[in-house]
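K.L.:
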Amino acid sequence: MANTIERPLDLLNMSKGKEVLVQVKSDRQFVGTLKAFDIHINVVLDNAKELENGEVKKSIGLTFLRGDTIIFISPASTSK
Amino acid sequence: MANTIERPLDLLNMSKGKEVLVQVKSDRQFVGTLKAFDIHINVVLDNAKELENGEVKKSIGLTFLRGDTIIFISPASTSK
Amino acid sequence: MANTIERPLDLLNMSKGKEVLVQVKSDRQFVGTLKAFDIHINVVLDNAKELENGEVKKSIGLTFLRGDTIIFISPASTSK
Amino acid sequence: MANTIERPLDLLNMSKGKEVLVQVKSDRQFVGTLKAFDIHINVVLDNAKELENGEVKKSIGLTFLRGDTIIFISPASTSK
Amino acid sequence: MANTIERPLDLLNMSKGKEVLVQVKSDRQFVGTLKAFDIHINVVLDNAKELENGEVKKSIGLTFLRGDTIIFISPASTSK
Amino acid sequence: MANTIERPLDLLNMSKGKEVLVQVKSDRQFVGTLKAFDIHINVVLDNAKELENGEVKKSIGLTFLRGDTIIFISPASTSK
Amino acid sequence: MANTIERPLDLLNMSKGKEVLVQVKSDRQFVGTLKAFDIHINVVLDNAKELENGEVKKSIGLTFLRGDTIIFISPASTSK
């Protein structure tokens with residue numbers, strides 16, 4: 001999967017429809033299915049869940065996340 | 001609902017007239033009916049209430065929220 | 001009032017000449033009559049008062065507030 | 001004075017040559033005569049004094065204040 | 001390696017396919033293979049690992065890091 | 001001196017070659033001779049000294065200060 | 001050296017190939033040979049070392065530093 005990535009947004013494009021982990025500022029984490037993103041790295045997650053210390057804290061369903069607050073986005077299938 | 005979202009702003013467009021949960025920086029949360037938004041993610045909520053630890057803290061009615069302070073916006077009907 | 005709002009700035013336009021509550025970063029709040037605003041959400045309040053825990057702390061008269069520090073603006077007449 | 005303000009910068013224009021109170025981030029306050037401002041809300045104060053808890057802490061004379069750090073600017077004559 | 005660097009992005013270009021150390025704000029560090037970057041310094045790391053005090057805290061696989069949160073990026077082979 | 005200032009940058013222009021006090025975020029202060037500035041308020045100081053509580057903490061010679069971190073710049077000769 | 005500086009970036013240009021001290025936000029300092037910079041004040045240092053309280057904490061070799069985090073850059077030869 002990594003070999004076809006030429007620009008950073010390629011990874012987000014390849015992750016559409018897949019589960020991703022999103023780390024935002026102030027120690028919040030979200031997991032959910034990546035539905036959409038734009039060049040500001042605004043993203044929409046489906047079946048989003050907020051995590052605290054790796055545990056599900058709250059289900060928040062469909063969610064729009066502002067790009068400005070995001071630290072990293074990682075497709076869940078690639079973590080070990 | 002999630003299947004018709006191609007760009008992040010589509011979710012906000014579909015959420016107009018519906019109740020949304022808005023998380024802003026410094027741990028403030030608002031619920032209210034989404035009346036309007038723009039590309040800066042400035043939003044107007046009707047019947048907005050400020051929450052603290054999930055409890056209603058204050059009713060603030062019609063409210064303009066600056067996009068720059070927003071972390072996420074989630075239509076209330078999609079949370080579980 | 002809410003039904004004629006199509007864009008977020010419409011609410012600010014409708015609130016001109018009326019009392020608004022302005023929440024800024026670092027827990028400051030102001031109430032005053034909205035005299036003017038621009039697209040950066042810079043605003044001018046007349047008869048502005050700074051609040052602390054809902055109590056008037058100081059009268060600061062005519063005041064220019066930089067948009068960048070604003071979290072929300074709410075017309076006072078719509079809160080309950 | 002308030003009735004001739006159509007845009008936020010009008011208040012700054014009308015305050016030239018007058019004493020203003022400038023609140024910046026991290027709880028610093030300045031008073032001084034407003035000499036100049038630009039669209040970034042950079043301002044120059046003459047006879048500027050830094051305040052701490054409403055008391056003069058230091059005289060800093062002619063001073064350039066970067067707009068980015070400013071929360072509000074209020075002509076001193078309008079506070080009560 | 002350093003002698004062929006004329007612009008800062010040259011170093012990132014030369015580091016593609018190599019292991020880099022990425023320091024982000026709020027004391028997080030990542031190591032991983034640099035797959036891609038853009039002018040916003042958004043980067044994609046492969047086999048990314050989050051570090052805490054120099055120890056591997058978590059493997060997060062392929063990861064998109066937003067440029068806005070990055071302090072420095074250093075090719076691992078050049079540290080001593 | 002103050003009477004010829006029409007725009008904020010006029011003060012910086014008039015202060016070239018003179019000693020200025022520069023306050024930056026996170027409570028750092030610098031004094032030095034203003035050699036150059038640009039519209040981003042990046043400045044170069046010669047014979048710069050970092051101050052702590054008004055005392056010289058360190059001499060850092062010629063120094064480039066990024067505008068983004070600056071709160072105020074004041075020509076030393078105008079403080080009383 | 002200072003007399004030929006007309007714009008702030010002139011100092012960075014004259015410091016290429018020389019040792020500089022770079023202060024970034026959140027109290028980190030780096031020393032290293034300035035290899036490159038751009039208008040965003042992104043810089044590349046060679047033989048970079050991270051300092052803590054003036055002591056070398058870690059050698060990080062060739063390093064790309066994002067301009068947005070930088071407070072000041074000072075050529076080491078000019079400090080006293």
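Here the protein sequences come in this chain order: A, B, C, D, E, F and G.
All residue numbers for the first sequence refer to my numbering, where the first residue is 1 and numbers rise by one.
All residue numbers for the second sequence refer to my numbering, where the first residue is 1 and numbers rise by one.
All residue numbers for the third sequence refer to my numbering, where the first residue is 1 and numbers rise by one.
All residue numbers for the fourth sequence refer to my numbering, where the first residue is 1 and numbers rise by one.
All residue numbers for the fifth sequence refer to my numbering, where the first residue is 1 and numbers rise by one.
All residue numbers for the sixth sequence refer to my numbering, where the first residue is 1 and numbers rise by one.
All residue numbers for the seventh sequence refer to my numbering, where the first residue is 1 and numbers rise by one.
Ideal Cβ placement from N, Cα and C applies to all residues, glycine included.
1. So, is the C-beta of D/F72 closer than 8 Å to a C-beta in chain C?
2. Could you give the distance in angstroms between the alpha-carbon of F/D27 and the alpha-carbon of B/R7?
3. Report, in whole angstroms, the separation of the C-beta atoms of C/L21 and C/S59, which I expect to be a contact under 8 Å.
4. Just to make sure I have the definition right: I need the residues of chain G whose C-beta is within less than 9 Å of the C-beta of F/N42. Which are they?
5. How about the stretch 30-42 of chain E and the stretch 11-20 of chain E: do they share at least three Cβ pairs that are nearer than 8 Å?
6. Report the rounded CA-to-CA distance for F/L45 versus E/I5, giving the unit in angstroms.
7. At the 8 Å Cβ level, is A/L51 part of the contact set with chain E, yes or no?
8. Along the chain, where does the alpha helix (DSSP H) containing A/D10 start, and where does it finish?
9. Curious, which full-length beta strand (DSSP E) runs of at least 3 residues does the stretch 7-76 of chain D contain?
10. In chain E, which residues lie less than 8 Å from A/L12 when you measure between Cβ atoms?
11. Taking 8 Å as the CB-CB limit, is E/K57 close to chain A?
12. Distance check for G/S77 and G/K57, CA to CA, integer angstroms please.
13. Measure the alpha-carbon distance for F/N42 versus G/N13 and round it to whole angstroms.
14. Report yes or no: is there a C-beta of chain B within less than 8 Å of the C-beta of C/T78?
15. Distance check for B/D10 and B/E55, CA to CA, integer angstroms please.
16. Would you report the Cα separation of D/E67 and E/L65, rounded to the nearest angstrom?
17. Between A/Q23 and A/I71, what straight-line distance do the alpha-carbon atoms span, to the nearest angstrom?
18. Identify, in the order they occur along the chain, each residue of the same chain with its Cβ nearer than 6 Å to the Cβ of B/H40, setting aside the five sequence neighbours on each side.
19. Between E/G61 and chain A, is the shortest Cβ-Cβ distance under 8 Å, so that the two count as touching?
20. To the nearest angstrom, report how far apart B/K83 and E/L51 are at their CA atoms.
21. Excluding sequence positions up to five away, which residues of its chain have a Cβ less than 7 Å from the Cβ of F/T69?
22. Determine the chain B residues that contact A/T69 at a beta-carbon separation under 9 Å, and present them in chain order.
23. Cα separation between G/Q29 and E/G61?
24. Going along chain G in order, which residues have a C-beta closer than 8 Å to the C-beta of E/L21?
25. Could you check whether the Cβ of E/K35 sits closer than 8 Å to any Cβ belonging to chain A?
26. Can you list, in chain order, the residues of its chain with a C-beta nearer than 8 Å to that of E/D38? Leave out the 5 residues immediately preceding and following it.
27. Considering only residues of the same chain and omitting the five flanking positions on each side of G/T63, which have a CB-CB separation below 6 Å?
28. Please report the distance separating the alpha-carbon of E/N3 from that of A/N3.
29. To the nearest angstrom, how far is it from the Cα of G/N53 to the Cα of D/N53?
P.N.:
According to the structure shown:
1. Looking up residue 72 of chain D in the fourth sequence gives position 72. Among the residues facing chain C, D/F72 is included, as its CB has a counterpart in that chain under 8 Å away.
2. Residue numbering aside, residue 27 of chain F sits at position 27 when the sixth sequence is read from its first letter. Residue numbering aside, residue 7 of chain B sits at position 7 when the second sequence is read from its first letter. So the two alpha carbons sit approximately 42 Å from each other.
3. In the third sequence, counting from the first residue as 1, residue 21 of chain C sits at position 21. In the third sequence, counting from the first residue as 1, residue 59 of chain C sits at position 59. That belief does not hold up - the Cβ atoms of C/L21 and C/S59 are roughly 16 Å apart, past 8 Å.
4. Start at 1 with the first residue of the sixth sequence, and residue 42 of chain F comes out as number 42. The answer, in chain order, is R7, P8, L9 and I41.
5. Yes, since at least three Cβ pairs between the stretch 30-42 of chain E and the stretch 11-20 of chain E fall closer than 8 Å, the two stretches touch.
6. As a working mapping, residue 45 of chain F is identified with position 45 in the sixth sequence. As a working mapping, residue 5 of chain E is identified with position 5 in the fifth sequence. One C-alpha to the other measures close to 28 Å.
7. If you number the first sequence from 1, residue 51 of chain A lands on position 51. Chain E contact via Cβ: absent.
8. Locating residue 10 of chain A in the first sequence gives position 10, counting from the first residue. Counting along the chain, the alpha helix (DSSP H) containing A/D10 begins and ends at P8 to M14.
9. Runs of beta strand (DSSP E) with 3 or more residues, each lying fully within the stretch 7-76 of chain D, are found at 19-24, 28-37, 43-52, 55-65 and 70-75, listed in chain order.
10. As a working note, residue 12 of chain A is residue 12 in the first sequence. Result: F64.
11. Along the fifth sequence, read from residue 1 onward, the residue named residue 57 of chain E stands at position 57. By this cut-off, E/K57 is not an interface position.
12. Taking the seventh sequence and counting its residues from 1, one reaches residue 57 of chain G at position 57. Taking the seventh sequence and counting its residues from 1, one reaches residue 77 of chain G at position 77. Cα to Cα, the separation comes out at about 21 Å.
13. Stepping through the sixth sequence from its first residue, residue 42 of chain F is reached at position 42. Stepping through the seventh sequence from its first residue, residue 13 of chain G is reached at position 13. Straight-line Cα distance between these residues: approximately 14 Å.
14. Here residue 78 of chain C refers to the residue found at position 78 when the third sequence is read from its first residue. At least one CB of chain B lies nearer than 8 Å to the CB of C/T78.
15. Within the second sequence, the letter at position 55 stands for residue 55 of chain B. Within the second sequence, the letter at position 10 stands for residue 10 of chain B. Straight-line spacing of the CA atoms in B/E55 and B/D10 works out to 29 Å.
16. Reading the fourth sequence from its first residue, position 67 is the one you call residue 67 of chain D. Reading the fifth sequence from its first residue, position 65 is the one you call residue 65 of chain E. Residue identity check: residue 67 of chain D is Gly in the sequence provided, not Glu. Each residue's alpha carbon lies about 30 Å from the other.
17. As a first step, residue 23 of chain A must be located in the first sequence, where it is residue number 23. As a first step, residue 71 of chain A must be located in the first sequence, where it is residue number 71. Taking the straight line joining both Cα atoms gives about 5 Å.
18. Along the second sequence, one-based indexing puts residue 40 of chain B at 40. The residues are G67.
19. On the fifth sequence, residue 61 of chain E is found 61 positions in, with the first residue counted as 1. With a threshold of 8 Å between beta carbons, E/G61 makes contact with chain A.
20. Limits of chain B in this structure are 1 at one end and 80 at the other, which puts residue 83 of chain B out of reach.
21. Within the sixth sequence, the letter at position 69 stands for residue 69 of chain F. V24 and K25, listed in sequence order.
22. Mapped onto the first sequence, residue 69 of chain A falls at position 69. Under the 9 Å cutoff, chain B gives K25, I70, I71 and F72.
23. On the seventh sequence, residue 29 of chain G is found 29 positions in, with the first residue counted as 1. On the fifth sequence, residue 61 of chain E is found 61 positions in, with the first residue counted as 1. When rounded, the distance between both Cα atoms is 30 Å.
24. Along the fifth sequence, one-based indexing puts residue 21 of chain E at 21. Those are I60, listed as they occur along chain G.
25. If you number the fifth sequence from 1, residue 35 of chain E lands on position 35. So yes, E/K35 belongs to the interface.
26. One-based indexing of the fifth sequence puts residue 38 of chain E at position 38. The residues are G67.
27. Indexing the seventh sequence from 1 puts residue 63 of chain G at position 63. Taken in chain order, the residues that qualify are L45 and A48.
28. Position 3 of the fifth sequence, counted from the first residue, corresponds to residue 3 of chain E. Position 3 of the first sequence, counted from the first residue, corresponds to residue 3 of chain A. Rounded to whole angstroms, the gap between the alpha carbons of E/N3 and A/N3 is 28 Å.
29. As a first step, residue 53 of chain G is located in the seventh sequence; it is residue number 53 there, counting from the start. As a first step, residue 53 of chain D is located in the fourth sequence; it is residue number 53 there, counting from the start. For G/N53 and D/N53, the distance between alpha carbons rounds to 32 Å.
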